[in-house]
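The structure appears below as structure tokens.
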Amino acid sequence: MDFKKILVAVDGSENSARAVSYTGDMVGDGSAKQIMLLCIERFPDRDLFPDEESWKQRCVAHREELQQFLGEARATLTAKGVHDSRISERYVVSCSSPFADRSTARCSFGTSIAQEILAVLKEERFGTVVVGRRGVSKAEEFLFGSVSNKIIHHAKDCTIWVVA
1 MDFKKILVAV DGSENSARAV SYTGDMVGDG SAKQIMLLCI ERFPDRDLFP
51 DEESWKQRCV AHREELQQFL GEARATLTAK GVHDSRISER YVVSCSSPFA
101 DRSTARCSFG TSIAQEILAV LKEERFGTVV VGRRGVSKAE EFLFGSVSNK
151 IIHHAKDCTI WVVA
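First residue of the sequence shown? That's 1 in the UniProt record's numbering, and the numbers climb one at a time after it.
Here it is as structure tokens:
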């Protein structure tokens, strides 16, 4: 594994913004060979909405927010000295997307964000993975798990940065 190949998993949250900023602070000197910003699309449950149209509207807004966040994350890294040519973005669409846009090689089934991140980590041979810690309660962690916790326990042959 090449520790200078860095995978930064983002979800549009404040903590993932901090993870991006921290990554820029650590490798803004040009020491990173590659930084990939990885965003796994996860739409809200359809059952939470009164009708199909309101769900689709929320999905459109959510996707736009994530795309905007990826652009802001790239800008943060370049502002901290990371050369733009070393930054890439991967947006993994949801397999349950209401849009007919699953033309990419991979889509997310939404079962485990952590497993999706770990799969990209392994496939692309990243040596470092960076995640933001959401700060879930003990009860939430017991019931739903924590992405950062799952990555810590299941990642192999890499460095893990968890930013809070």
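Using N, Cα and C, we set each Cβ at its ideal position, and we do this for glycine too. Since we're looking at a predicted model, the values are computed, not measured.
- Item | Whole-angstrom distance between ILE6 and ASP157, CA atom to CA atom | 13 Å
- Helix, strand or coil: which one does DSSP assign to PHE43? coil
- Please go through the same chain and pick out, in chain order, the residues whose beta-carbon is closer than 7 Å to the beta-carbon of ARG106, but skip the five residues on each side of it. VAL92
- Sequence-distant residues of the same chain with beta carbon closer than 8 Å to ASN15, five excluded per side: GLY132, ARG133, ARG134, GLY135, VAL163, ALA164
- Item | Segment limits, beta strand (DSSP E) that includes PHE126 | 126-132
- Could you spell out where the alpha helix (DSSP H) holding LEU77 opens and where it closes? 52-79
- Item | Boundaries of the beta strand (DSSP E) in which ASP2 is found, first to last residue | 2-10
- Task: Give the single residue among SER96, PHE99, SER97, ASN149 whose Cα lies nearest to the Cα of LEU118.
- Result: ASN149
- Would you tell me roughly how many angstroms separate the C-alpha atoms of SER31 and LYS56, rounded to the nearest one? 42 Å
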